[in-house]
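So the structure is just underneath, and the comments pick up after that.
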Amino acid sequence: MPRTSSPRPTRRPSRVSTTPPMSLPTAVAPATSTAIRRSQSLQEIGPDRITESRMPRLSIKRWLCRLAPASLAALGAAGAFAQTPLAGVRRLVDVIEVNDHEDQVDLTMVFNCSMRYVTSLPASEGKEVHIQLAPLADCGVSPMSQIASETPPVSGGSSIVTAARVESMAPGQITLTLGFRKNERYVLAQGVDPRGLRLRLIDRARGRGKILVGQSTEQVANFAINLDSQPKPFSEADIQRAHELLKAPAFVSEAVVDGEKWYRLRVGPIDRRSEADRLMNLALPSYPRAWLAIGDDAVTSDANATVAQVASPPVERMGSDPALPNEELKKLTAAARTAMDRHEYPTAIALLTKLQRQPEFPDRARAQELLGLARERSGQLAHAKAEYEEYLRGYPHGEAAERVAFRLKILRAAEAKARTGREVKGDSLGWEVTGGVAQMARYDGERITNGAVPTNTPVPAAPTINQNALFNDADLFARRRGETFDMVGRLSAGYDKSFTKDQGTVGNATRVTLASIEVLDRSIGVLGRLGRQAHNEDGILGTFDGLFLSWQFKPSWAVNAAAGYPVEQLIIAPQTQDRFETLALAYTPKNAHWDASVFAANEQYQGFRNRKAVGVEGRYLAPRASLVGVIDYDTQFHSLNTASLVGTLQLPARWSLSFDAERRNSPVLTVRNALIGQTFADLNQLEQVFTLD
419 MPRTSSPRPT RRPSRVSTTP PMSLPTAVAP ATSTAIRRSQ SLQEIGPDRI TESRMPRLSI
479 KRWLCRLAPA SLAALGAAGA FAQTPLAGVR RLVDVIEVND HEDQVDLTMV FNCSMRYVTS
539 LPASEGKEVH IQLAPLADCG VSPMSQIASE TPPVSGGSSI VTAARVESMA PGQITLTLGF
599 RKNERYVLAQ GVDPRGLRLR LIDRARGRGK ILVGQSTEQV ANFAINLDSQ PKPFSEADIQ
659 RAHELLKAPA FVSEAVVDGE KWYRLRVGPI DRRSEADRLM NLALPSYPRA WLAIGDDAVT
719 SDANATVAQV ASPPVERMGS DPALPNEELK KLTAAARTAM DRHEYPTAIA LLTKLQRQPE
779 FPDRARAQEL LGLARERSGQ LAHAKAEYEE YLRGYPHGEA AERVAFRLKI LRAAEAKART
839 GREVKGDSLG WEVTGGVAQM ARYDGERITN GAVPTNTPVP AAPTINQNAL FNDADLFARR
899 RGETFDMVGR LSAGYDKSFT KDQGTVGNAT RVTLASIEVL DRSIGVLGRL GRQAHNEDGI
959 LGTFDGLFLS WQFKPSWAVN AAAGYPVEQL IIAPQTQDRF ETLALAYTPK NAHWDASVFA
1019 ANEQYQGFRN RKAVGVEGRY LAPRASLVGV IDYDTQFHSL NTASLVGTLQ LPARWSLSFD
1079 AERRNSPVLT VRNALIGQTF ADLNQLEQVF TLD
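Under the numbering used here, the sequence shown has 449 at position 31, and the numbering climbs by one with no breaks.
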């Protein structure tokens, strides 16, 4: 019996497509950020390829993933309000999700259709970033059309992102502009799914086992290690034990959690991230609940804060010794720097004190600052304060005056707490709830005239209304910070009121973009998130309903797993006939400039294997350069879904060089998209005519 022809693997459709879309070309981007080459269209399955002979149906095991259906009930209720899906993309950006954890800050941009990342200005640093994107074919945007402006909703991160807007600066392209509360360094990358984009803030890492981005040995930051917390005060023996174990100043701070006072045993301040990581690894065997804090005391993070001052011990008088030759001064300075790098602080103090007694010379101010730093790291806090004060008296406008003043303020704050026992208010523990509402009215109409109006038609033809709608968005973000557990709940939803009556448009639609609950347990390094969420890493294709788990089982290693139901349309309830699972292993060397992860992804649709892929992701983040690479290979169709390399290099004189080399299948290969261009409703019907060979 002759075999029937099998449909070629096609691509995942747009998230908002309603009827089976036309088959799309494969977009292949060469090594440039401004050009794109399109291959020939995929061959469609024509009626002439269908024969009357039918093969027996395949026997395929089916099983359903059961993931806390009660937590997804709200999504199902919201879907009851939805009517027929949109006839075309009405909004290009669904939501911008900000995830602010102790280890990093990630911004996930979720698009309503496939977008190609073009470039960003500035390339890697600024208080505002303009991201240029090119909508692909499933967006239904003409290459020469001007796209209407949008104001996408932002979920969370009110203290990080201040504004977001979408504008069309050039025909066929959009510009997504993000405003930050302060100057930020960042890196952008597009994952496997072109319906998402990730932006990571690279100078905000606070947890252990994360990327170190170019922190110099002199960089000053107010790190502290929280060794333990309890509702009763720590004894002097506890404080002394911590000091002897870590060879660093130990003190006790206080925080109020849900009306109850907690006492924190801490060591600090610590000025370098590498030193903080070293002390953290040293403390963990004795203090398994230890965690790293940055600027979470109001006194040490507020530059205008005042603390009580006490008299400092005397310092060596400047210029009290005869001047040494320049070569001898250079040798002493180099030897002192070497001793500091080797943590030989007594040796460094002796050398720097000798330099301090010298008359003025070019490196005199730097030697004074290093002397204060050496005394601080050796635990001589009172002497360190005196040396810092001497620097500010002698060099009030020196290059390091600002950071020396900041170090002095931190030392005074720690001393004031240890001496008086007064409360130092930390991050507002307990519940913090933020949110917002937005409303946007849009009217888009056109009237076409060609020549003079005929005499028998005195009234011009009525305009064609393409869109007349009112978009309503609401966002709710709730966070609870605790000594051991953090909880985050977020809801981002909207309601679109349409005033058009055309058959090609929809009526009113309710959108649920995000609806999730997240729990982080610091003591065991486990994070779990349940509900509707956006994720564009580890082979996950954008938004899904389900569960995401991450376990940091060692300081440099973590396992990430996810399972659930992909979300194709935000205005309907979860679709359980399509489910997926992913597993990833992430590695971040301690104090390194890079990290990497490998992943495997599997997806089922109506009992058929829809997608099976493996891949690798890597990031290199240095002070003046960044490089992000993604590879996704489909083992079922033996096709390279994505190979992407995006980088930025900072050049002198405020110049920067950026490049983007990509080859990707857009959209991603899936078996389900064999329905594109067919009249069949599901794969079971299609299998009656075609085989899976």
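A virtual CB, placed ideally from N, CA and C, is assigned to each residue, including glycine.
Fair warning: this is a prediction, and the values are worked out from it, not measured in the lab.
Query, Result
"With burial defined as no fewer than 16 other Cβ atoms inside 10 Å of the residue's Cβ, what is the status of GLN1022: buried or exposed?", "buried"
"What distance in whole Å lies between the Cβ atoms of GLY964 and ALA981, which are believed to be in contact at a cut-off of 8 Å?", "5 Å"
"Since GLN786 contacts TYR809 with CB under 8 Å, what's their CB separation in whole angstroms?", "5 Å"
"What residue does the beta strand (DSSP E) around GLN970 start on, and which one ends it?", "960-972"
"Taking 9 Å as the cut-off, decide whether the C-beta atoms of ALA385 and LYS1030 are in contact.", "Any property of residue 385 remains undetermined from this structure, which presents the chain solely from 419 to 1111."
"When you compare the CB positions of THR813 and LEU829, do they come within less than 9 Å of one another, or not?", "Here the sequence assigns Tyr to residue 813, which means Thr is not the residue at that position. For TYR813 and LEU829, no; Cβs fall outside 9 Å."
"Please specify which runs of the alpha helix (DSSP H), each continuous and at least 4 residues long, are wholly inside the segment 772-805, giving them in chain order.", "782-795"
"In angstroms with no decimal places, state the Cα-to-Cα distance between GLU773 and GLY816.", "The sequence given here places Leu at residue 773; Glu does not occur at that position. Straight-line Cα distance between these residues: approximately 18 Å."
"Name the DSSP beta bridge partners of PRO589, please?", "According to DSSP, PRO589 bridges with nothing at all."
"Comparing C-alpha positions only, which one of PRO561, SER934, ALA1099 sits nearest to GLY590?", "PRO561"
"In angstroms with no decimal places, state the Cα-to-Cα distance between ALA859 and PHE903.", "41 Å"
"Taking only the alpha-carbon atoms, compute the straight-line gap between GLN1103 and VAL1089 and give it to the nearest angstrom.", "14 Å"
"With a threshold of 6 Å on Cβ separation, who are the neighbours of GLY790 within its own chain once the five nearest residues in sequence on each side are excluded?", "ALA802, GLU805, TYR806"
"When DSSP builds the beta bridges, which residues end up paired with ILE620?", "DSSP output for ILE620 lists no bridge partner at all."
"What is the DSSP secondary structure of ARG940, reduced to helix, strand or coil?", "coil"
"Look up TYR535 in the DSSP assignment and give the residues it is bridged to.", "LEU551"
"Is the Cβ-Cβ distance between LEU525 and VAL579 less than 9 Å?", "yes"
"The alpha helix (DSSP H) with LEU525 in it runs from where to where?", "Counting along the chain, LEU525 falls outside any alpha helix (DSSP H), though it belongs to the beta strand (DSSP E) covering 523-529."
"Can you give me the C-alpha to C-alpha distance between GLY1025 and GLU1105, rounded to a whole angstrom?", "12 Å"
"For a test of the three-state rule: what should DSSP assign to PRO852, helix, strand or coil?", "Checking the sequence shown, residue 852 turns out to be Thr, not Pro. Reduced to three states, the DSSP call for THR852 is strand."
"Which residue comes first and which comes last in the alpha helix (DSSP H) that contains ILE657?", "654-664"
"Any idea what DSSP makes of ARG898, helix, strand or coil?", "strand"
"Which residue from ARG784, VAL851, GLY853, LEU888 puts its Cα closest to that of ASP862?", "LEU888"
"Applying the criterion that 16 or more other CB atoms from any shown protein chain within 10 Å of the CB defines a buried residue, is GLU602 buried or exposed?", "buried"
"Less than 8 Å between C-beta atoms, sequence neighbours within five positions excluded: which residues of the same chain meet that for ARG940?", "GLU520, ARG707, TRP709, THR902, PHE903, ASP904"
"Hey, out of VAL985, VAL1034, THR918, TYR983, whose CA is closest to TYR1005's CA?", "VAL1034"
"What's the gap between the Cα of PHE1098 and the Cα of MET527?", "33 Å"
"Could you give the residue range of the beta strand (DSSP E) that holds THR1097?", "Premise fails: THR1097 is in no beta strand (DSSP E) and is neither H nor E."
"Taking its Cβ as the centre, do 16 or more other Cβ atoms sit within 10 Å of ILE1094, making it buried, or is it exposed?", "buried"
"On the premise that LEU510 lies in contact with GLU568, defined as a C-beta separation below 8 Å, what is that separation, rounded to the nearest angstrom?", "6 Å"
"Return the first residue and the last residue of the alpha helix (DSSP H) that GLU986 is part of.", "First-last for GLU986: undefined, no H or E at that position."
"Return the chain-ordered list of same chain residues with a C-beta closer than 8 Å to the C-beta of SER586, the five sequence neighbours on each side being excluded.", "GLN564, ILE565, ALA566, SER567, ILE592, THR593"
"Measuring only the C-alpha atoms, how far is LEU1003 from GLU864?", "53 Å"
"Express the C-alpha separation of SER796 and LYS665 in angstroms, rounding to a whole number.", "8 Å"
"Would you tell me roughly how many angstroms separate the C-alpha atoms of LYS600 and ALA818, rounded to the nearest one?", "22 Å"
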